[in-house]
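J.: Supplied in structure tokens, the structure appears directly below.
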Amino acid sequence: MTVEIGVILPTSTPDPANPIVGDVRASARFAEEAGLDSVWSTDHLVASAPMLDSTAVLATAAAVTDRIKIGYNVLLLSLRPVAWAAKQVSTLQILSGNRLVLGVGTGNPAHGDVAWRASGLSYDDRGARTDAALAVLPDLIAGKTAVVENGVEVAIAPGAAVPPIVVAGNGKRALRRVARFADGWASIGLSPSEVAAGLAEIGRPAVKATIVAPAVGDDPKAAAELLAQYEAAGVERVILAPTGADFRRDYEFAAAIKAAS
């Protein structure tokens, strides 16, 4: 089985009473030592719980590891000027040694619109802003000239290898966004049959799926068998969600699934 297995970094605010919570350095090192394929940082400006900045988290993870991929799960492009986003992504790609996977989304409605209001941006326009950003982001990351907000023509240095872009979402607009802009599609908790149906609607055979938080149970062997079904449906990667504050337990379980595959 070739499905990659990733885990989510502890990106909540560090808790002095529980050093495990928020220990990005230790968790990234542990994931790499356990043989996992990727670590991921959740992204938001204002969420339902305190959250560290995703770019800083991924830079920290990259600095203490050598092999494991690092990924945004997922970057909210509509909260950022695309030129700044490109600068951060290209820098992170260089510093990590080209280990970045760029997940992109428009935001979970469960978090509301406060982040957009705090940024002076329209929540209702977030889909259109995401599309406009994705249209120019690869060129900007690569150091090429592109036209950004307000018609400004700019090239962002330093240029870098464009990371794989994985676009999240289940709605029709999101699936069209995947078909137009993405190397992969991300969604949460879908079954293998739902993945196959979504990929069929996207209609690009080269696009594979990343599934966050699939219901894999607590038996590594059974979970590995389920991942084989996901692979047959078109999944290239699963990202296992945390079950509690102790990342070691979750990462060890993820490693056990990988070993059983």
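According to the working numbering, the sequence shown is numbered sequentially starting from 9.
Glycine included, each C-beta is placed from N, C-alpha and C at the ideal position.
Only a predicted model underlies this, so the values are computations on that prediction, with no experimental measurement involved.
1. Between the alpha carbons of ALA150 and PHE189, how many angstroms are there, rounded?
2. So TYR259 packs on LEU66, CB below 8 Å; how close in whole Å?
3. Checking the sheet assignment: what are the DSSP bridge partners for TYR80?
4. Can you name, in chain order, every residue of its own chain whose Cβ lies under 6 Å from the Cβ of VAL302, other than the five neighbours on each side?
5. Which residues does DSSP list as the beta-bridge partners of SER195?
6. Could you pull the start and end residues of the alpha helix (DSSP H) that ILE265 belongs to?
7. How is the beta strand (DSSP E) around LEU248 delimited, first residue to last?
8. Just to check my reading of the structure: VAL32 and THR68 have Cβ atoms closer than 8 Å, yes? What is that Cβ distance to the nearest angstrom?
9. Between SER269, LEU183 and VAL97, which has its C-alpha nearest PRO172's C-alpha?
10. Quick one: measure Cβ to Cβ for LEU87 and LEU142, integer angstroms, because I've assumed they're closer than 8 Å.
11. Using the rule of at least 16 other Cβ atoms within 10 Å of the residue's Cβ for burial, across every protein chain shown, is GLU239 buried or exposed?
12. Assuming ASN81 and ILE247 make a contact with CB atoms under 8 Å, what is their CB distance in whole Å?
T.: This is what the structure holds:
1. Here residue 150 refers to the residue found at position 142 of the sequence shown. Here residue 189 refers to the residue found at position 181 of the sequence shown. ALA150 and PHE189 have their C-alpha atoms some 16 Å from each other.
2. As a first step, residue 259 must be located in the sequence shown, where it is residue number 251. As a first step, residue 66 must be located in the sequence shown, where it is residue number 58. Their Cβ separation, rounded to whole angstroms, is 17 Å, which puts TYR259 and LEU66 out of contact at 8 Å.
3. Here residue 80 refers to the residue found at position 72 of the sequence shown. According to DSSP, which records beta bridges pairwise, TYR80 is partnered with SER49 and LEU110.
4. With the chain running from 9 to 269 in the structure shown, residue 302 is simply not present.
5. The count along the sequence shown starts at 1 and reaches residue 195 at position 187. Bridge pairing for SER195: ILE219 [DSSP].
6. Position 257 of the sequence shown, counting from 1, holds the residue named residue 265. Run containing ILE265: 255–268, per the alpha helix (DSSP H) assignment.
7. On the sequence shown, residue 248 is found 240 positions in, with the first residue counted as 1. Segment 243–248, the beta strand (DSSP E) holding LEU248.
8. Numbered from 1 along the sequence shown, position 24 holds the residue referred to as residue 32. Numbered from 1 along the sequence shown, position 60 holds the residue referred to as residue 68. Going by Cβ atoms, the distance from VAL32 to THR68 rounds to 5 Å, so yes, they are a contact pair.
9. Against the sequence shown, residue 172 aligns to sequence position 164. Of SER269, LEU183 and VAL97, the smallest CA-CA separation from PRO172 is found for VAL97.
10. Sequence index remark: in the sequence shown, residue 87 carries index 79 (1-based). Sequence index remark: in the sequence shown, residue 142 carries index 134 (1-based). Their Cβ separation, rounded to whole angstroms, is 14 Å, which puts LEU87 and LEU142 out of contact at 8 Å.
11. Within the sequence shown, numbered from 1, the residue matching residue 239 stands at position 231. Buried is the call here.
12. Working through the sequence shown from its first residue, we reach residue 81 at position 73. Working through the sequence shown from its first residue, we reach residue 247 at position 239. Sure, about 6 Å apart at Cβ, within 8 Å.
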